[in-house]
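Chains as they are written, first to last, in the working numbering: chain A, 7 to 234; chain B, 19 to 319. Single-structure report; data block below.
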Amino acid sequence: MILMKDVYKTYANGVTALNGISVDIKQGEFVYIVGPSGAGKSTFVKLMYREVKPTQGTIFINEIEMSELKERKVPYLRRDIGVIFQDFKLLPKLSVYENIAFALEVIQESPRNIRKRVMDVLELVGLKNKARFIPDELSGGEQQRVSIARAIVNHPKIVIADEPTGNLDPETSWGIMKTFEEINARGTTIIMATHSKEIVNTIKKRVIAIEDGLIVRDQHRGEYGYEI
Amino acid sequence: MNTAMKFRTFTRHIREGFKNIIRNGWMTIASVGAVTTTLVLVAAFLALVLNLNEMADNIEEDVEIKVLIDLTADEEQIKEIGNEINGISGVDTVQFSSKDDELENLIESMGEEGESWQLYEQDNPLSHAYVVKAKNPTNTERIAKDIQEMGAVQGVDYGRDYVEGLFQFNDYARTIGLAVIIGLILTAVFLISNTIKITIMARSREIGIQKLVGATNGFIRWPFFIEGLLLGVLGSLIPIGAVLGGYYYLENNLGVLDNYSFVELLPFNPFAWQLSLIVLAIGAVIGVWGSVMSVRKFLKV
């Protein structure tokens, strides 16, 4: 599903984010990415939906070699991957409903299905009563839940989450984690970068620890392993 | 995977294009304002230049060659000359004007003073003549020279210096008019595409987000295409109003100039309508072009 071999990434400004990473993530896995800020977690995650291209090394996503993926095919790759961004990346002038519906309009879903699926997913993240609000009218946690709803609404094969519980109160965080476990149980691969020791140590899953651009630990049913 | 655009997606793009006009409030007003200002200028200049061009054409149309026939020529020879002139390439019409006609014209053109010429009606000193018109007025000189060389032709008269100067002046006027219009349109394109670019720059983040969520370039571009089209069309409404209103007013208030036969405006119908259509087309093309070109560079995410 996700296969990386000796991947290096140096940004144009000279900053080296990844220093030779190899990893193999199978379909249906649930993986936490942990590590200190600036260790390369975000870069690692961005490689998967081609927001960032590697300087060196090969990456396979869904059996497609990324360097062979044509520019105009990139959108189709991204439709199979739901991304929950650290900064949410919601469209500021669209309502909550329209933001989520956008992901379905892109795949030319019928209006009736769009309506049903958006309302279902809003129910799931508990924002049904805020469908008509625009992002600026919501709290950080609510915006994050909209971002989550958009990422999962079209049933992607992979869900990538960069700090999805960072702005949420504990109760909502557990609610979100429950959602993730549910969609993971349906066979969706979940990759989640997080700083939450509590979550990682409670819901035991595979843990990949990244430090200074290298994978320093990769264990199944692992621990968070850092003092906050 | 199905990449063809479904009809519902097309209607979605049109809907989004309209919504964007509303969502972008002040930016829409700025863009429409830029289109309006420049199109008013373009329309005014187009009206001016096209009318001047028409006047120049009219004057050139009036250029004719008068072929004076030798007084000694008999009827047979006169006919012969007529046929020969007809045979010259580029000749449009050849009309015979007897010396009596000539005198009549002369008397008429002199008005009061012409009466003294009536004395000559008994013994007309003028020659018979042919009045020749060229298909293309700029060939007048060449044709006149050809005719000059024929036998039994006393002389040709086509206001040589006047005609040469006129053609040259008209050529300059047309070239300058065309240059001004092209310059104006280019300025308009530049100004408008810059304004639209600023409004789109503000939305570059949104374009990036749409791409990260899996939208193709085409999917993102379409609403901008519709939006640009609308901006152009909205921006051409006031200029079209100005063209129709202004032209109507001019046509009905230029009576003063009736004395100068060559100052004649192109008729309101169809000219004002044609001009409106041109303005609308320029507006639409500029709007779409500015919008689609500006969005292009933000699509690389």
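The beta-carbon is built from N, C-alpha and C at its ideal position, and this holds for glycine as well. These numbers come from a predicted model, not from an experiment.
*Buried or exposed for Gly43(B), please, with buried defined as at least 16 other CB atoms from any protein chain shown within 10 angstroms of its CB.*
Residue mapping note: residue 43(B) aligns to position 25 of the second sequence, counting from 1. When all chains shown are included, Gly43(B) counts as exposed.
*Return the CA-CA distance between Phe237(B) and Asp218(A), expressed in angstroms with no decimal places.*
For this step, residue 237(B) is matched to residue 219 along the second sequence. For this step, residue 218(A) is matched to residue 212 along the first sequence. C-alpha separation (whole angstroms): 39 Å.
*Given that a residue counts as buried once 16 or more other Cβ atoms are within 10 Å of its Cβ, and exposed if not, what is His161(A)?*
Numbered from its first residue, the first sequence carries residue 161(A) at position 155. Exposed: under 16 other Cβ atoms inside 10 Å.
_Quick check on Met19(B): does DSSP put it in helix, strand or coil?_
By 1-based counting over the second sequence, the position of residue 19(B) is 1. With a pLDDT of 49 at Met19(B), under the threshold of 50, the predicted position of this residue should be treated as unreliable, and no value is reported.
*Shortest alpha-carbon distance to Val261(B) belongs to which of Thr56(B), Ala62(B) and Thr27(B)?*
Locating residue 261(B) in the second sequence gives position 243, counting from the first residue. Nearest of Thr56(B), Ala62(B) and Thr27(B) to Val261(B), Cα basis: Ala62(B).
*Leaving out five residues before and five after Leu256(B) in sequence, what residues of the same chain have Cβ atoms less than 6 Å from its Cβ?*
On the second sequence, position 238 is the one that residue 256(B) refers to. Here the sequence assigns Ile to residue 256(B), which means Leu is not the residue at that position. Taken in chain order, the residues that qualify are Thr54.
*Name the one or two DSSP bridge partners that Glu223(A) has.*
Here residue 223(A) refers to the residue found at position 217 of the first sequence. Looking at the sequence itself, residue 223(A) is Arg, so the reference to Glu does not match. BP columns for Arg223(A) point to Ala215(A).
*What are the residues of the segment 131-149 of chain A that lie near chain B, defined by any Cβ-Cβ distance shorter than 7 Å?*
none
*Tell me which same chain residues have a C-beta within less than 7 Å of the C-beta of Met19(B), skipping the five on either side of it?*
By 1-based counting over the second sequence, the position of residue 19(B) is 1. In this prediction, Met19(B) has a pLDDT of 49, which is less than 50 and means its spatial position is unreliable; what the coordinates show is noted afterwards. None.
_Residues, ordered as in the chain, of the segment 94-123 of chain A that lie near chain B by beta-carbon distance below 8 Å_ = Lys95, Leu96, Leu97, Pro98, Lys99, Phe108, Ala109, Glu111, Val112, Ile113, Gln114, Ser116 and Pro117
*Scan the segment 106-192 of chain B and note each continuous alpha helix (DSSP H) run of 4 residues or more that stays entirely inside, going in chain order.*
117-128 and 158-166
*For Pro81(A), decide whether its Cβ has a neighbour in chain C, counting only Cβ atoms nearer than 8 Å.*
Given the protein chain composition of this structure (A and B), no chain C is represented.
_Can you find the residues in the same chain that come closer than 8 Å, C-beta to C-beta, to Gln136(B), ignoring five residues on each side of it along the sequence?_
Working through the second sequence from its first residue, we reach residue 136(B) at position 118. Within the same chain, Gln136(B) has close Cβ partners Ile125.
*For Ser254(B), does the count of other Cβ atoms within 10 angstroms reach 16, so buried, or fall short, so exposed?*
In the second sequence, residue 254(B) corresponds to position 236, counting from 1. Buried, by the Cβ-count rule.
_Quick check: the Cα distance between Gln33(A) and Thr195(A), rounded to an integer number of angstroms?_
The count along the first sequence starts at 1 and reaches residue 33(A) at position 27. The count along the first sequence starts at 1 and reaches residue 195(A) at position 189. Counting only the Cα atoms, Thr195(A) lies some 6 Å from Gln33(A).
*Going straight from the alpha carbon of Val297(B) to that of Leu57(B), what length do you get?*
On the second sequence, residue 297(B) is found 279 positions in, with the first residue counted as 1. On the second sequence, residue 57(B) is found 39 positions in, with the first residue counted as 1. Taking the straight line joining both Cα atoms gives about 7 Å.
*Note down, in chain order, each residue of its chain lying with its Cβ closer than 6 Å to the Cβ of Val174(B), except the 5 sequence neighbours on either side.*
Position 156 of the second sequence, counting from 1, holds the residue named residue 174(B). Excluding residues within five positions, the ones whose Cβ falls inside 6 Å are Ile83, Val85, Ala162, Ile165 and Gln166.
*asked:* Please give me, in chain order, every unbroken run of the beta strand (DSSP E) with length at least 3 that falls completely inside the segment 95-182 of chain A.
replied: 164-168
_Mapping the DSSP letters down to three states, classify Ser28(A) as helix, strand or coil._
The residue you call residue 28(A) lines up with position 22 of the first sequence. Under the three-state reduction of DSSP, Ser28(A) is assigned to strand.
*Have a look at Gly231(A) and Lys122(A) and give me their C-alpha separation to the nearest angstrom.*
Numbered from 1 along the first sequence, position 225 holds the residue referred to as residue 231(A). Numbered from 1 along the first sequence, position 116 holds the residue referred to as residue 122(A). If you draw a straight line from the Cα of Gly231(A) to the Cα of Lys122(A), it is about 42 Å long.
*asked:* Using the three-state DSSP reduction, which class does Leu62(A) fall into: helix, strand or coil?
replied: By one-based count along the first sequence, residue 62(A) stands at place 56. As written in the sequence, residue 62(A) is Gln, which differs from the Leu given in the question. Here Gln62(A) sits in strand by DSSP.
*asked:* What would DSSP say about Glu35(A), mapped onto helix, strand or coil?
replied: The residue labelled residue 35(A) in the question sits at position 29 within the first sequence. DSSP places Glu35(A) in coil when its eight states are reduced to three.
*Cβ of Ser294(B) within 8 Å of Cβ of Ser211(B)?*
Indexing the second sequence from 1 puts residue 294(B) at position 276. Indexing the second sequence from 1 puts residue 211(B) at position 193. No, the Cβ-Cβ distance between Ser294(B) and Ser211(B) is not below 8 Å.
*Does any CB atom of chain B fall closer than 8 Å to the CB of Glu57(A)?*
If you number the first sequence from 1, residue 57(A) lands on position 51. Judged by the 8 Å Cβ criterion, Glu57(A) is in contact with chain B.
*Got a sec: is the Cβ-Cβ distance from Thr8(B) to anything in chain A below 8 Å?*
Chain B is shown from 19 up to 319; residue 8(B) falls before or after that span and cannot be answered.
*By DSSP, does Lys210(A) sit in helix, in strand, or in coil?*
The residue you call residue 210(A) lines up with position 204 of the first sequence. Residue state, collapsed to three classes: coil.
*Expressed to the nearest angstrom, what Euclidean distance is found between the alpha-carbon atoms of Ile40(B) and Ser73(A)?*
Residue numbering aside, residue 40(B) sits at position 22 when the second sequence is read from its first letter. Residue numbering aside, residue 73(A) sits at position 67 when the first sequence is read from its first letter. In a straight line, the C-alpha of Ile40(B) is about 41 Å away from that of Ser73(A).
*Taking only beta-carbon positions, decide if Val159(A) is within less than 8 Å of chain B.*
Numbered from 1 along the first sequence, position 153 holds the residue referred to as residue 159(A). No, no contact with chain B.
*asked:* Taking a contact to mean a Cβ-Cβ separation below 8 Å, would you say Ile90(A) touches Ala191(A) in this structure?
replied: One-based indexing of the first sequence puts residue 90(A) at position 84. One-based indexing of the first sequence puts residue 191(A) at position 185. No, the pair does not count as a contact, with Cβ atoms beyond the cut-off.
*asked:* I need the DSSP call for Val81(B), collapsed to helix, strand or coil.
replied: For the purposes of this step, residue 81(B) is taken as residue 63 along the second sequence, with counting starting at 1. The answer is coil: DSSP assigns Val81(B) none of H, G, I, E or B.
*Report yes or no: is there a C-beta of chain B within less than 8 Å of the C-beta of Val127(A)?*
Against the first sequence, residue 127(A) aligns to sequence position 121. No, Val127(A) lies away from the interface with chain B (no Cβ there is under 8 Å from its Cβ).
*Endpoints, the alpha helix (DSSP H) within which Leu283(B) is located*: Walking along the second sequence from the start, residue 283(B) turns up at place 265. In the DSSP assignment, Leu283(B) falls outside any alpha helix (DSSP H), carrying neither H nor E.
*Cβ distance (whole Å) where Val213(A) is taken to contact Gly228(A) below 8 Å*: Translated into positions along the first sequence, residue 213(A) becomes position 207. Translated into positions along the first sequence, residue 228(A) becomes position 222. The Cβ separation is near 3 Å, so the contact holds.
*Using a beta-carbon distance below 8 Å, is Glu224(B) in contact with chain A?*
Indexing the second sequence from 1 puts residue 224(B) at position 206. By this cut-off, Glu224(B) is an interface position.
_Let's test the definition: count the other Cβ atoms within 10 Å of the Cβ of Arg138(A) and tell me whether it reaches 16, buried, or not, exposed._
Here residue 138(A) refers to the residue found at position 132 when the first sequence is read from its first residue. Counting Cβ neighbours within 10 Å, Arg138(A) comes out exposed, since fewer than 16 surround it.
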